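*Asks:* Chains as they are written, first to last, in this note's numbering: chain E, 1 to 114; chain B, 115 to 229. Think of the CB as a built atom: it goes at the ideal place given N, C-alpha and C, for glycine as much as any other residue. Given the structure is predicted, the values throughout are model-derived calculations rather than measurements.
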Amino acid sequence: KNQVEQSPQSLIILEGKNCTLQCNYTVSPFSNLRWYKQDTGRGPVSLTIMTFSENTKSNGRYTATLDADTKQSSLHITASQLSDSASYICVVRGGSSGTYKYIFGTGTRLKVLA
Amino acid sequence: NAGVTQTPKFQVLKTGQSMTLQCAQDMNHEYMSWYRQDPGMGLRLIHYSVGAGITDQGEVPNGYNVSRSTTEDFPLRLLSAAPSQTSVYFCASSYWTAGSTDTQYFGPGTRLTVL
Chain E
1 KNQVEQSPQS
11 LIILEGKNCT
21 LQCNYTVSPF
31 SNLRWYKQDT
41 GRGPVSLTIM
51 TFSENTKSNG
61 RYTATLDADT
71 KQSSLHITAS
81 QLSDSASYIC
91 VVRGGSSGTY
101 KYIFGTGTRL
111 KVLA
Chain B
115 NAGVTQTPKF
125 QVLKTGQSMT
135 LQCAQDMNHE
145 YMSWYRQDPG
155 MGLRLIHYSV
165 GAGITDQGEV
175 PNGYNVSRST
185 TEDFPLRLLS
195 AAPSQTSVYF
205 CASSYWTAGS
215 TDTQYFGPGT
225 RLTVL
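1. I need the DSSP call for residue 198 (chain B), collapsed to helix, strand or coil.
2. Contact between the stretch 125-132 of chain B and the stretch 172-182 of chain B: three or more CB pairs below 8 angstroms?
3. Under a CB-based cut-off of 7 angstroms, is residue 30 (chain E) close to chain B?
4. Given this structure, state the Cα-to-Cα distance separating residue 65 (chain E) from residue 77 (chain E), to the nearest angstrom.
5. Taking the CB atoms as reference points, tell me whether residue 118 (chain E) and residue 106 (chain E) lie closer together than 7 angstroms.
6. Run down chain E in chain order and give the residues with a C-beta less than 8 angstroms from the C-beta of residue 224 (chain B).
7. Within 7 angstroms (strictly less), CB to CB, does residue 221 (chain B) reach chain E?
8. State the CB to CB distance for the pair residue 88 (chain E) and residue 110 (chain E), rounded to an integer number of angstroms; the pair is presumed to be in contact (CB under 8 angstroms).
9. Please say whether residue 44 (chain E) and residue 124 (chain B) have beta carbons closer to each other than 7 angstroms?
10. Given residue 173 (chain B), which residues of its chain have a CB within under 6 angstroms of its CB, disregarding the five upstream and five downstream residues?
11. May I ask which residues mark the beginning and end of the beta strand (DSSP E) holding residue 67 (chain E)?
12. Per DSSP, what kind of secondary structure is residue 163 (chain B) in: helix, strand or coil?
13. Would the stretch 208-218 of chain B and the stretch 183-192 of chain B be scored as touching if the rule is three or more Cβ pairs under 8 angstroms?
14. Going along chain E, which residues have a C-beta under 7 angstroms from residue 215 (chain B)?
15. Quick one: which chain E residues come within Cβ less than 8 angstroms of residue 154 (chain B)?
Now the structure itself:
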């Protein structure tokens, strides 16, 4: 069964600290993996998109990594800010040609404290 | 560009009522989809469309209908609302090609409560 699992479910860190969020997937065939940020009461916003051949991709203080062999991805947030408080969702696009689907993880809820 | 717009932002229905959630995009995207988001669960696909006149069911289609008469609009109809349909509904759009890495854009959501 195609699944995307994220850990931890929730995380609290102090402003200025770094953190890493994890994503494991069992989607096959794999097309690409995305990380989204979802602020409370708003729709998800894309942070990074990585294909099979990409190991790392950055977007400002956000750096995503992908290990297609172990089917794991991580999102590293550097020097966290209060505005980073949000849910972070890992999404895998997969399936055979013509049947592509987006499979969503349940998200990691991050709280950054002053 | 306005991006993806959804109306209404909030809605309260009584069991058995019907209504339509509106979604529009101005980016000429082929792919449009509806998701519902419930506490503790990932977004779940209700229905999707890969172009005008083409729709298909997602993971949780029961109780919902869609149509796609234009590229821009993709309304979601609740036929007879049930309390189990209380949720936050998101519409999304993107280009749609094999292996596409095009960004999927989400609307702001509609928070629906069914009493």
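*Replies:* So, from the data block:
1. Per DSSP, reduced to three states, the secondary structure at residue 198 (chain B) is helical.
2. With the cut-off at 8 angstroms, the stretch 125-132 of chain B and the stretch 172-182 of chain B do not touch.
3. no
4. 12 angstroms
5. Here chain E has residues from 1 to 114 only, and residue 118 (chain E) is not among them.
6. Close to residue 224 (chain B), with beta-carbon spacing below 8 angstroms, lies no residue of chain E; the smallest spacing is near 10 angstroms.
7. yes
8. 6 angstroms
9. no
10. 158, 159
11. 62-67
12. strand
13. no
14. 32, 49, 51
15. 106
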